[in-house]
Structures are given as C-alpha cells and as structure tokens.
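This report concerns only the one structure given below.
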Amino acid sequence: MHTNNETGGRRTHTSIRNVLENGEPQQSQTQRNTVQEPTSILRFGDANVTSSEPIRLSSIQLPSNNDALLRRMAVDSSNLEAGLPDLSPGDLIKLRLFQESLQRKTELFLNSIESRRNAIFEGIEADNLKLKKLQLAQTPHTAAYLNRLQRVRMRAIETETIELQRLRVKILTVVEEYKTAMNTYCSAIHKGKPAINPTDYFQEWIESLDPEKTPELTDALNALTLSSRQYLIALLEQPSKDDKKHRLRHQRSVVKSSIFPLNRLPSEILHLVLDKLTNRNDIVSLLTVCRLWALIIVKILYYRPHINKKQQLDLFMRTMYLERFETVFDYRSMIKRLNFSFVGDHLYDDQLYQFVGCQNLERLTLVFCKNITSESISAVLNDCKFLQSVDITGIKKISDDIFNTLAESCPRLQGFYVPQAKDVSLSCLRNFILNTPMLKRVKITASANMNDELVELMADKCPMLVEVDITSSPKVHDSSLLKLFTKLGQLREFRITHNSNITDTFILELAKEVQQLPPLRLIDFSSCENITDKSIEKIVQMAPKLRNIFLGKCSRITDASLAYLSRLGKNLQTIHFGHCFNITDQGVRVLVQACSRIQYVDFACCTNLTNRTLYELSDLPKLKRIGLVKCSQMTDEGLLNMISLRGRNDSLERVHLSYCSNLTIYPIYELLMACPRLSHLSLTAVPSFLRPDITAFCRPAPTEFSENQRQIFCVFSGRGVNRLRHYLMSLTTPTNGPQMDINEILTKYVVSKNLVGNQESLETAISRITTELNQDSAAILAATGWNQINGLNNEFPFQNIDFQNLDDLFTWYRTEFQNVDLSPEAINDLLARVDRKYCDDPFSDDYLERDAVLVPGASNDVNSEMCYIVRKFHELDDRVDDFEVNVASLARVQFQFTGFLLHEMAQIFTHIVDLNRMICRVQNNVIQTGNVSDMQGLFAWRLVSVERFVKLLQKYKVSTVVLRLYLKDSITLLTRQRELLIAHQRHNWNGNTDDTEPDDDAFWQQIGERVPLSQEQMRIIQFGLRNPVNMDGNTVQEGGELEDHSATPNDDVLEET
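If you're matching positions, the sequence shown starts at 1 in the UniProt record's numbering and goes up one per residue.
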C-alpha cells in the first residue's frame, strides 16, 4: 500500500515536471482514454521571436488522484480493529466514529487542495484568453515576463500536488500514533489496571483541524496571483505603451511578493543559514521559534560543544548527567566533536563516562587531560563507527584497551595521536594496524614494542598514511623505514627521534629506490646522532619542497648541511639545529641569504654562533620564532643591531634567550618595543632579570622543577609580556629605536645640567668636566660603597685605574724604530701586502686553517703572534662596544645593576693593559733581534692598526666618564644605601648569634623605600633600588620624607625596613 501510493505521488510529480519542461504531461493509457489531451504550452518571451502569428495558448488539466488516496486511507484506517482485540462495545463504537471522522476530514482536505489547484488553472486560462484576444504577447519583453510567470505558477501547482502526499503521510502518522495509544490502553485493561480510552482525545484533535485554513504556501500563491492580475490590468489599459521603467517596476513587485517564507526552506538549507550565526547568544534566542528550528539549533550547538573554561564544563555536565527520558532531545546522538584540551585539569573519569553512547562521535581530543585513564576513553570510543580522529596526548598511562576498542569499533579511523605508548603490547599494536586501513595520521611514540615488523605492516596495511610519528622507538632500523618510504609515496610528514639505529644508509638506499619525494614537507631526525651531512644532501635532492626540518642533537651536522638546505630556497620555513655544535655564523649566513621565508629558527646550544648570526637573522622578514638558548656569545650589541635592522612592528612572536648571561635589560626593552606581537620571552638564568621587580611578571615555574631551577626560572608569556613591556616603559622615555652613541649621551647630559661655562665651547666644557671627574673618581667610588654593590667582585682594584691617563694606556705605538728607513713606494708596497680583511674580521671561516699576512716580510713566528694579538683586540673591541651600550642605557633608564658595570669597567681596563703588554713584548723582541724585515713588516702593521686602537680607547674613556657622572649625581642615595647595609649587618651581629639563620629577604627587597626619589632620579639610578611593584606594573609611591629620620640608621629604622 505504502509503495503504491509513493509510486502514484512520483507519477503525479513527474507529470507536472513534464508539463513545465516539455509542454505535455506524460499520461497512462487509461488517462488518455478518459481525459482530453492538453495542447502544448508555448514558451513566451523568446528574444528571437519575430513571427506575427497569434500565440497559441492552452488550458492545462491534471488528473485527480483523490479517489485512489481515499481508498488507501480507508484501507489504512480499517486495519485499526484487527490489531486491537478485547475491546468493549463502547470502545468499538468510539473507534468506528474516529474512523469515520478521519475519513471525512481527509476528504475535506483533499477537496480543499484540489479546489485551490483548479482556481490556479482557471486564473491561468482566463489571463491567457485575454492576452490572446489583444495579441499582447507579440511584444518580446511582455512574452518573456509572461513565460516566467507561467513557470512560477506551474511550480505552485506542483507544490500543491506534493501537499497531497504530505497529507497522506500526516494521516498515516495519526493512525500509527492512535494504534500505539490504543495498544497501551488495551494492555492496561487486560492487566486490570485503570486506563482512559485515548479515542476521545484523538477525536477532538481531528475535529479541530480546519481544511479551509489557508497554509503559508497558499498565502504566497494568492499574493502572486494578485500581483500578476494587477500587471495584466495595466497591460490591458495601455496595450500600445512600451515603457521600460513601467515594466521593471511591476517586475520588482512580483519578485518581492514571490519570495517564500524562511520556514519553507528545506531543513538542510535552514541549517546552513543558522550555522552562519557566530554569536551563540543570538542562535540560542531562536530556540523558541518552532520545534524544527529548535532541533536544528540544538544540533548546531551540540555538534561541537564549546568548552574552554571550567564553568562551561560544569554547565555542560549538568545536561549530560540527565537520563534520556529526562531531556527533550537526544543530545548524545548530536555530539560529533569533543575537545576537552582547555579544561584538562578539571576533567575526570566519572565525567567522561557520561559521554558513553555518543555513537556519532567523529573526533575526540583529550590533550593534557592528565586525570583521565584508558578505561574511560575506551568506554566512550566503543561503537563509535563514524570516529575519524583521536588525540590523547598527555594521558599518563595508555593501555591495550584503547587500541583494541579502536580496532574493533572504529573502522573509519583516520588520525590517532598517542604519545607515551610504552605499556601497549606488541600484539595489540599489530591488531590495531591490521584493522585501521583508512589511517592517515598516526603518532605512537615512546613504544618499546614498535619494531621493524610493525613499521613494515603499517606500510602494507595502511596505504593512505601521510603522517607518521614513531619518536623514541629504539627497535626500528633502516630497513623498515626504507620499505615505509618506498611504499608510501604520498608521505608528507615523518618523525623518528632518539634512535641511534638510523644512519645515512637509510637515506642513501632510499635515494637509489626513489628518485623524488615531492609530497614530503616535514622530516624530524632529532637525536639521531648517526645522521650526517650526506643524508641532508640526498633529502634535499629527493624532497625539493621540504618546509620543516628538525636535526636537534645531530652532533655530526655541520655547515655543509646548511648549504644543502639553502637549495630549498623560499620553500624552507622551519629549521631546528639545537646542540649542533659544529654550526658557525658562516653556515647561518649562507642559509639565510637563500631562504628568505624562514619563520622559525632554533640554534640552542650552538656555542660557536656569535652576534653575526643575529645580524643575519635581521634579513628574515617573516621570522616569528628565535631560539638561541645557551648561545653564550650573544651580547647586547648584537641584539640591539638586529632590532635596529629589523625595525619597528617586527613579526617576532616567540624569543628564547635563556642562559645568554651577557644580555642586560636595555636590549630586551628595545626588543619588547619593536615586537608588538611578542607573546613569549624566555630569559631563564640571565642575571639582569633575576630581580623581584621583574620576576613579578613571570609565569610560575613548573611544579616538577627543583628549588635551584625555580630560582633561575624567568619566562614571560601572554599577559606577562605586556606587563613587562609596560613596566619598562614606565621607567624610560620611549625611543624610535636603539640609541648607542655614547658621545651623544654625554653631550645631552652636559647641556641638560647647564655645565657649559660662559664663553666656553662644548668640547672645552667636556674636557674640563672630565678632568674634574678624574680627580674625584676615587672619592666617588669610596662614597658609593662599591664594595657592597651586588655583582661587584672585590678582586678588581678600582683604585689602580688611572682615569687621568687613560689616553696613555696603549704605549706600544709611542715606540720608534730607529733603523727603519723606507721610501714612500716601499711603504705603499708593504701596506698593500697587509691582509686588511683579516684586520676587519679575524674570525672569518677563511682563516680557520691558516694565518693571514699581517707583518709582510717578517718571520712566521712574528706574524703568528700578531695574528693572535689582532684576534684578542677584536674580542676586546666587542666587549667595549657592549660596555658602551650598557652605559648608554644606564644614562636613560633604571635598568642595569651598576655593580656589574663597574665590574666590567675594571675587567676591560685589565685587558687593555694586558694587550698593550703583549704588543710591547713583541716589539721589543723584534728591536732586540735587529731583523730589518721583521721591523719593516711590523712598522707596516702599526700604520694600519694605530687608528683602531685609538678609537677603542676613546670609546672606553667616554663610557667611563658617563658612568662616573651618574654615580656622582646619585652619591647621596648610594651613601644612604651603604649606611642601611652596614646597619643591617650590625643588627645581625648584635642580635643574632646563630650564623645559620638566613638574612631577612624583606629587608633587601625594601631597601630604598625610605629614600624619597623623584621621577628623574628613578630614571638614572642603576642599583636596582626600587619601590614595590604591584600586579599592574606601576610603582607604589611612598610618602615619607628623608628629614623625618635620623642621619644614622638606628633600631627604629631597622624595624621599619
């Protein structure tokens, strides 16, 4: 019965469609005998119509299926009694009355639908007759419009016909519901329980239905008919007028009135429309529109539940704890994607068990859900036949049950990420691989059972694999990897790390089997120490579109690998060479110059890298991450130069500079100002940042860290970076970039302090101030109590620094060679033979295995000694540059520990004296031996180098002048600090006999609170004296005045501090 009716419905639907497309409905032989065959409908409005013949119009009649439908309804309803035994006579009477009411109401609905359809036919016929008489269809524009109007009307007729089928479905639904209710009623009566006959309820509902109530579709048809008739009347009134604007105005009215209401859209399209509402509050407010809308919206909301906070998780679990009969919808069947990564610390097994039964689940993400066990995960995954991806990264203990469940219940699995699978058995891994043929991405790491057999099985049974990660699998060898790459030509990403069994043999043999691996984009050989430059060369040849390569702790990698990778050009994006000790600045330069699109670089523990690497990194416009942990040769100068070259609004997002102990605060300030996108900054074990006012903005150290690790931990991320930036900005005047000209700093200081006398030039004033300062230096250092300054080493005797005679530290160029008599031509010849390139950069790779010619014509011993001296000079010059930069920052901001600067000043002085001593020794030896060639060559080197040494002394001298000037300005505050320190020590001596009791940390953190400082003083004092910092990064100002306390610290002062 049901099938026959559907066939009849399809036949009616097909008949109408043929009328629309071919102009003639398809009719059975019986229909042709009983119904007059309609003539064809001419398509109006063909733009090429030029014939003057009258347009042939036709009337359309469609056969009625009402009788057949009524017979089927009668058969459906007559079956009610057969399935309901043991009914009382009264119940039978009610049932038959219900059948009659249902039959009668069905007839009324059918007649109503047929009358509406006939009305449309009559309207079409009437309009066509009028147009036929007036021959208005001769106009191409009018014909085109009428043709479209006829198609819309025919679509309306087709929709009315579909209503016939919908009516039948509704009636069948009522009958089925009635049967169910009556069966329940009969069952209750049979068991002797009290029950109410539901027939009365269904009878009332049937009688309440009004077949004459116009549905929404009929409203649209009525509006369409009204507008079409208005258009027809206008044509009849003005048959000869061809006004384009008039036609367009009426066309627009027809289009507007022909749009169907939104709820008449198919549910799939309505789902797409509602899914475009990005604001969840907006879509939730539409839940009460109707049941269909509510069902669609709930499906959208539960498709991927938004759970980013513990509060959201708690609210969501309130619903999941309910039983199915307690909810309106079956929410578990709607959930397809679950992601608990953001609430991993708050999710437990009892909560995850509530998701058992989500059989439509496609993705499950449990990254770092450390409280979840394998049992609950396996229970959720059971019977999830549509499951595609599972990520359980961070789950502490993984057992066999998860793998077995996936193998048995999830045949469509495409992605599985399970690090730390050390407890999973070999048989379980084998079963998993055999039963997941659609696997595309797999990550099974730290598995002692992952061996060559399983890798080869993976290559055979999982032909769609594009990502493979078998990190820390010590039983895997070259042979199985060779088979894997040979069979999986589409492989895009491959990772195998911490495996000494992987050697160059794997790559070299693969190159013989496979010429190209074009899809390969990522390869990771970290901690595979037997991988060498040979493998990298072949990989670049086979995978020319490689983007990411990880070679951390591949200790045999050299600059040659960087040269090979440079052939990748713009494809290369990520490079990781951590702990590759053989990499140098030269290799980085070659790589960076060829690969301008690199975004991530990591050279951690590459101790040969210097500031030159920072200069090279400035040429990468898309750089987002820099890793230079434990690159101890990186200094302030290199970092500042890189920042200056990269410019403001830099793209950097993550910078790792931990254990770069030479760095100070000012370059980091400039880095923060230049990089607005910076979200992560690591400065662990950098002494300048281990200050309480700065570490206040750090994130907490990991719980597994030891106490020593916690003390040096210094990592800023997210809001901490912004707070650090704002705090440092509050201590300085914003700049347009790093400012390192110490002479400019000195000039501004002299002018701002009005230290230039009347009729005195600036140069004369600076000279006078320097002379006066030299005379007062000993007193300044003594008054500041430098021996108490943090970071200062008493092994360096500052009293030995002769500031008045700094210009005379280099005495070697004052020595004259008596026996050297050279013509100008001879001097030019000697100068031409001096290797100027070595003088500029003695650490170039060109001089790794040989010495340059610095003393032309001299013996090898003399030349070698001078090469060594030039290298020492460049090291000293770099150190003076860093000292100059730090002092320049000292002049602007409260950043540095002054003790470290004084320490550096003394060290540089000692190195200058030692360097001068070495040169004098070489010169004296040459003069004593009397070798003319040695003296002539050394004379030529002196001519080339004297200017460099003079400039170095000048930079050092000016830097010491600026440093001492600011110490002098701050002498009152520094004296106060020293008194507090001495008083604190005296208090400990007198009041504490236990030497093991630690000092009061609060005292050291509060030093300086009792000293009222102006904003200007806070900008220039560099001893780390600070007021407490609140969590907003603003300094807490104290209101005490200095004169309220005695000049000498006493017990009251100590208590307050």
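Heads up, the beta-carbon is just placed ideally off N, CA and C, and yes, glycines get one too.
* Tell me whether Y348 sits in a helix, a strand or coil according to DSSP, three-state version. => Taking the first residue of the sequence shown as position 1, residue 348 is located at position 348. Of the three classes helix, strand and coil, the one that applies to Y348 here is coil, per DSSP.
* CA-CA distance, M182 and A294? -> Locating residue 182 in the sequence shown gives position 182, where the first residue counts as 1. Locating residue 294 in the sequence shown gives position 294, where the first residue counts as 1. When rounded, the distance between both Cα atoms is 30 Å.
* Under a three-way DSSP split, which group does Y417 fall into? -> Translated into the one-based positions of the sequence shown, residue 417 becomes position 417. Three-state result, Y417: strand.
* **Stretch-stretch touch, CB-based, cutoff 8 Å, three pairs: the region 742-755 with the region 693-704** => no
* **Same chain, Cβ closer than 6 Å to H656, neighbours up to 5 away in sequence not counted** => In the sequence shown, residue 656 corresponds to position 656, counting from 1. Closer than 6 Å at the Cβ level, and outside the excluded window around H656, lie G627, V629 and S682.
* Asked: Would the region 432-449 and the region 408-423 be scored as touching if the rule is three or more Cβ pairs under 8 Å?
  -> yes
* How far does the alpha helix (DSSP H) with L272 in it reach, from first residue to last? -> Indexing the sequence shown from 1 puts residue 272 at position 272. Residues S267 to D275.
* Name the two residues that bound the continuous alpha helix (DSSP H) containing G720. => Counting from 1 along the sequence shown, the entry for residue 720 is found at position 720. From DSSP, the alpha helix (DSSP H) with G720 extends over R719 to M729.
* Where does T574 fall in DSSP's three states? -> Position 574 of the sequence shown, counting from 1, holds the residue named residue 574. Correct three-state label for T574: strand.
* To do: Kindly give me the distance between the Cβ atoms of I549 and I507, rounded to whole angstroms, as I take these residues to be in contact under 8 Å.
  => Position 549 of the sequence shown, counted from the first residue, corresponds to residue 549. Position 507 of the sequence shown, counted from the first residue, corresponds to residue 507. Between I507 and I549 the Cβ distance is about 13 Å, and since that is not below 8 Å, they are no contact.
* **Coarse secondary structure for N863, derived from DSSP in three states** => On the sequence shown, position 863 is the one that residue 863 refers to. In the structure shown, N863 sits in a helix (DSSP, three-state: H, G or I).
* Mark I113 as exposed unless 16 or more other C-beta atoms lie within 10 angstroms of its C-beta, in which case mark it buried. => Taking the first residue of the sequence shown as 1, we reach residue 113 at position 113. Buried, because 16 or more other Cβ atoms sit within 10 Å of the Cβ of I113.
* Straight-line gap, L274 to Y302 (C-alpha atoms, nearest Å) -> Numbered from 1 along the sequence shown, position 274 holds the residue referred to as residue 274. Numbered from 1 along the sequence shown, position 302 holds the residue referred to as residue 302. If you take the alpha carbons of L274 and Y302, they lie about 14 Å apart.
* Asked: Which whole-angstrom value is the C-beta distance of R547 and T574, which I expect to be below 8 Å?
  -> Residue numbering aside, residue 547 sits at position 547 when the sequence shown is read from its first letter. Residue numbering aside, residue 574 sits at position 574 when the sequence shown is read from its first letter. About 7 Å separates the two Cβ atoms, so the contact holds.
* To do: Answer with buried or exposed for K370, where buried requires no fewer than 16 other C-beta atoms within 10 angstroms of its C-beta.
  => On the sequence shown, position 370 is the one that residue 370 refers to. Exposed is the call here.
* Using DSSP with H/G/I as helix, E/B as strand and the rest coil, what is V476? -> Counted from its first residue, the sequence shown places residue 476 at position 476. Three-state DSSP puts V476 in coil, outside helix and strand.
* Asked: Ends of the alpha helix (DSSP H) at F949?
  -> Translated into positions along the sequence shown, residue 949 becomes position 949. F949 -> alpha helix (DSSP H) spans V932 to D969.
* If we ignore side chains and look at the alpha-carbon of each, how far apart do H903 and L965 end up? -> For this step, residue 903 is matched to residue 903 along the sequence shown. For this step, residue 965 is matched to residue 965 along the sequence shown. The straight-line gap from Cα to Cα measures roughly 17 Å.
* So, are the CB atoms of T607 and F577 less than 8 Å apart? -> Within the sequence shown, numbered from 1, the residue matching residue 607 stands at position 607. Within the sequence shown, numbered from 1, the residue matching residue 577 stands at position 577. No, they are not a contact pair.
* Could you check what DSSP says for E493 in three-state terms: helix, strand or coil? => As a position in the sequence shown, residue 493 is number 493, starting the count at 1. Of the three classes helix, strand and coil, the one that applies to E493 here is strand, per DSSP.
* Asked: Where does D741 fall in DSSP's three states?
  -> The residue labelled residue 741 in the question sits at position 741 within the sequence shown. Three-state result, D741: coil.
* **residue 1080, DSSP secondary structure in three states** => Because the chain spans 1 through 1057 in this model, residue 1080 falls outside it and cannot be assessed.
* Asked: According to the Cβ coordinates, are K545 and R521 closer than 8 Å?
  -> Residue 545 sits at position 545 when you count from the first residue of the sequence shown. Residue 521 sits at position 521 when you count from the first residue of the sequence shown. A contact, by the Cβ cut-off of 8 Å.
* Asked: Using the beta-carbon count (16 or more within 10 Å), is Y749 buried or exposed?
  -> Numbered from its first residue, the sequence shown carries residue 749 at position 749. Label assigned to Y749: buried.
* Asked: For the ligand MG, any of its heavy atoms closer than 7 Å to the Cβ of D846?
  -> Absent from the structure shown: the ligand MG. Ligands present: none.
* To do: Starting from the Cα of S561, find the closest Cα among G552, G587 and H579 and give me that residue.
  => As a working note, residue 561 is residue 561 in the sequence shown. Checking every option, the nearest Cα to that of S561 belongs to G587.
* To do: Out of A407, L746 and Y659, point me to the one whose CA is closest to P885's CA.
  => Position 885 of the sequence shown holds residue 885. According to the sequence displayed, residue 885 carries Val and not Pro. The candidate whose alpha carbon is nearest that of V885 is L746.
* **L609 versus I296 - alpha carbon distance** => Here residue 609 is taken as the residue at index 609 of the sequence shown, counted from 1. Here residue 296 is taken as the residue at index 296 of the sequence shown, counted from 1. For L609 and I296, the distance between alpha carbons rounds to 60 Å.
* Measure the alpha-carbon distance for residue 1061 versus L963 and round it to whole angstroms. => With the chain represented from 1 up to 1057, any question about residue 1061 goes unanswered, as that position is not in the structure.
* Asked: Could you give the residue range of the beta strand (DSSP E) that holds T365?
  -> As a first step, residue 365 is located in the sequence shown; it is residue number 365 there, counting from the start. Run containing T365: R363 to T365, per the beta strand (DSSP E) assignment.
* To do: Can you have a look at N641 and say buried or exposed, based on whether 16 or more other CB atoms are within 10 angstroms of its CB?
  => In the sequence shown, the residue the question calls residue 641 occupies position 641. Per the 10 Å Cβ criterion, buried.
* P621 versus D636, A379 and Y600, residue with shortest Cα-Cα distance -> Along the sequence shown, one-based indexing puts residue 621 at 621. For the residues D636, A379 and Y600, the minimum Cα distance to P621 belongs to Y600.
* Beta bridge counterpart(s) of P550 as assigned by DSSP -> For the purposes of this step, residue 550 is taken as residue 550 along the sequence shown, with counting starting at 1. The sequence shown places Phe at residue 550, not Pro. Partner(s): D524 and H576.
* Is the CB-CB distance between residue 1084 and E529 below 8 Å? -> Shown here, the chain extends from 1 to 1057; a query on residue 1084 therefore has no answer.
* Beta-carbon proximity check, S651 vs R677, cutoff 8 Å -> Residue numbering aside, residue 651 sits at position 651 when the sequence shown is read from its first letter. Residue numbering aside, residue 677 sits at position 677 when the sequence shown is read from its first letter. In this structure, R677 lies closer than 8 Å to S651 by Cβ.
* Asked: So, helix, strand or coil for D1001, using DSSP?
  -> On the sequence shown, residue 1001 is found 1001 positions in, with the first residue counted as 1. With a pLDDT of only 46 at D1001, under the threshold of 50, the placement of this residue in the model should not be trusted, and no figure is reported.
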